[in-house]
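A.B. asks: Have a look at this one.
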Amino acid sequence: MSTLLVTGGAGFIGSNFVHYVLSHTSHRVVVLDALTYASSGSALQGLPADRVELVVGDISDAALVGDLARTADAVVHYAAETHNDNSLVDPAPFVQTNIVGTYTLLEAARLHGTRFHHISTDEVYGDLPLDDPAKFTADTPYNPSSPYSSTKAGSDLLVRAWVRSFGLEATISNCSNNYGPRQHVEKFIPRQITNVIDGVRPRLYGKGENVRDWIHADDHSSAVLRILEHGRPGETYLIGADGEKNNMEVIRAILTEMGQDPSAYDHVADRPGHDLRYAIDASKLRDELGWTPEFTDFEAGLRDTIEWYRKNEDWWREQKAAAEAKYANTGH
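If you're matching positions, the sequence shown starts at 15 in the working numbering and goes up one per residue.
Written as structure tokens, this is what we have:
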């Protein structure tokens with residue numbers, strides 16, 4: 015049995031990974047999470063206490079991170095500020111967490127010789143034209159558009175530098191847009207689902223033509239575990255499930271699955287610097303490591319996600335009010 019230090023393991027995709035690891039391996043997991051607004055200890059409820067430990071703390075705390083890395087066999091680094099809209103209002107937390115926090119973790123892993131896997135995003139590559147069949151690969155030049163994606167790009171480059179300069183045994187994965195249970199309601203899909211539950215018409219940025227490549231969080235978790243166990247140090251793997259859909263299609267699918275008129279949504283002013291299209295070429299991950307996604311039917315995965323939010327209103331109700339108050343200030 016190995017011990018994994020999972021940063022951000024009480025957030026959406028981090029907690030999904032913790033649940034997945036405990037269900038599919040014998041590993042023990044130590045979660046380091048600051049329990050900011052986007053994470054919650056409740057995301058780890060029901061997990062065996064002898065195999066998961068929650069440490070509340072900041073990834074920029076060098077002493078704490080050093081102590082945890084010293085006893086871990088691997089660090090899986092999910093912790094990040096991730097919401098584009100928030101980064102446009104106040105970039106400072108994104109610089110502190112995504113850049114300084116990643117540096118702190120890398121130094122601890124270097125000191126203790128700890129295997130390191132870094133979770134990143136396809137947004138570091140910028141965007142693609144709507145009418146271009148091309149997809150992002152690990153060789154696509156970085157061209158981030160927002161404070162969020164810029165700081166994630168910076169963290170990726172730090173990992174690459176620590177591999178080359180110090181010989182750190184590290185890998186990177188850049189994933190497309192995740193969806194599934196326990197995602198904060200400020201994010202696109204859960205915001206629309208909870209709006210419909212509340213009898214509020216969903217809101218669509220601009221014309222709704224922006225394309226995202228959707229992947230269920232369980233598939234993301236299975237890919238990260240495969241990379242952690244079999245990936246080549248120094249390599250970058252892109253994770254995607256060929257789930258391209260534009261935002262209008264997603265909203266219409268949500269409304270249809272929830273028994274509403276698929277046209278019952280409103281357009282609002284577009285977000286500044288809104289990327290047009292993301293698309294992932296995951297052939298390297300599939301060919302080299304034999305990974306395949308399980309959730310290839312987006313509508314079925316969306317149906318399960320809607321059902322989870324319907325059954326777990328107590329989980330999201332409080333955060334919903336705070337998220338909508340933020341959006342009200344921007345007119346979105």
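Even for Gly, the Cβ is constructed at its ideal location relative to N, Cα and C.
(1) Taking the CB atoms as reference points, tell me whether D289 and E121 lie closer together than 9 Å.
(2) For the stretch 140-213, list the alpha helix (DSSP H) runs that are entirely contained and at least 4 residues long, ordered along the chain.
(3) According to DSSP, is N224 part of a helix, a strand, or is it coil?
(4) Tell me whether the beta-carbon of G315 lies closer than 9 Å to the beta-carbon of N261.
(5) What do you get for D146, buried or exposed, if any count of 16 or more other CB atoms within 10 angstroms of its CB means buried?
(6) Do the stretch 282-298 and the stretch 93-108 make contact, defined as three or more Cβ pairs closer than 8 Å?
(7) Can you give me the Cβ contacts of D75 inside the same chain, cut-off strictly under 6 Å, excluding the 5 residues immediately before and after it?
(8) Mapping DSSP to helix, strand and coil, what is Y51?
(9) Measure the alpha-carbon distance for T118 versus I73 and round it to whole angstroms.
(10) In angstroms, rounded to a whole number, what distance separates the CA positions of I211 and P195?
(11) State yes or no: is the C-beta of R226 within less than 9 Å of the C-beta of F202?
(12) At what residues does the beta strand (DSSP E) containing I253 begin and finish?
(13) Would you give the residue range spanned by the alpha helix (DSSP H) that L119 belongs to?
(14) Once the 5 residues before and after A93 are set aside, which same chain residues still bring their CB inside 6 Å of it?
(15) Please report the residue range of the alpha helix (DSSP H) in which H97 lies.
(16) Quick one: Cα of D328 to Cα of A336, how far?
(17) Taking the alpha carbon of P143 as the point to measure from, which residue in F31, W330, N224 has its own alpha carbon closest?
(18) Can you tell me whether A88 is helix, strand or coil according to DSSP?
(19) How do the stretch 84-91 and the stretch 122-130 stand: do at least 3 beta-carbon pairs fall below 8 Å, yes or no?
(20) Could you tell me how far apart the beta carbons of H296 and L252 are, in whole angstroms, since I believe they sit closer than 8 Å?
(21) Name the residue from N98, T250, R205 whose alpha carbon lies nearest to the alpha carbon of I268.
(22) Here's the rule I'm using: 16 or more other beta-carbon atoms within 10 Å means buried, otherwise exposed. How should Q197 be labelled?
(23) State buried or exposed for R266, treating a residue as buried only when at least 16 other CB atoms are found within 10 Å of its CB.
(24) Using the DSSP secondary-structure output, state which residues sit across from I133 in a beta bridge.
(25) Identify the residues that DSSP records as bridge partners of E258: which are they?
(26) Quick one: Cα of P180 to Cα of S160, how far?
C.D. replies: In short:
(1) no
(2) 161-180, 202-211
(3) coil
(4) no
(5) exposed
(6) yes
(7) none
(8) coil
(9) 7 Å
(10) 15 Å
(11) yes
(12) 250-253
(13) 116-126
(14) T21, G22, I73
(15) Here H97 belongs to no alpha helix (DSSP H), and DSSP marks it neither H nor E.
(16) 14 Å
(17) N224
(18) strand
(19) yes
(20) Per the sequence shown, the amino acid found at residue 296 is Ala instead of His. So it is a contact: roughly 5 Å between Cβ atoms.
(21) R205
(22) buried
(23) buried
(24) S187
(25) D227
(26) According to the sequence shown, residue 180 is Phe rather than Pro. Their backbone Cα atoms lie some 30 Å apart in a straight line.
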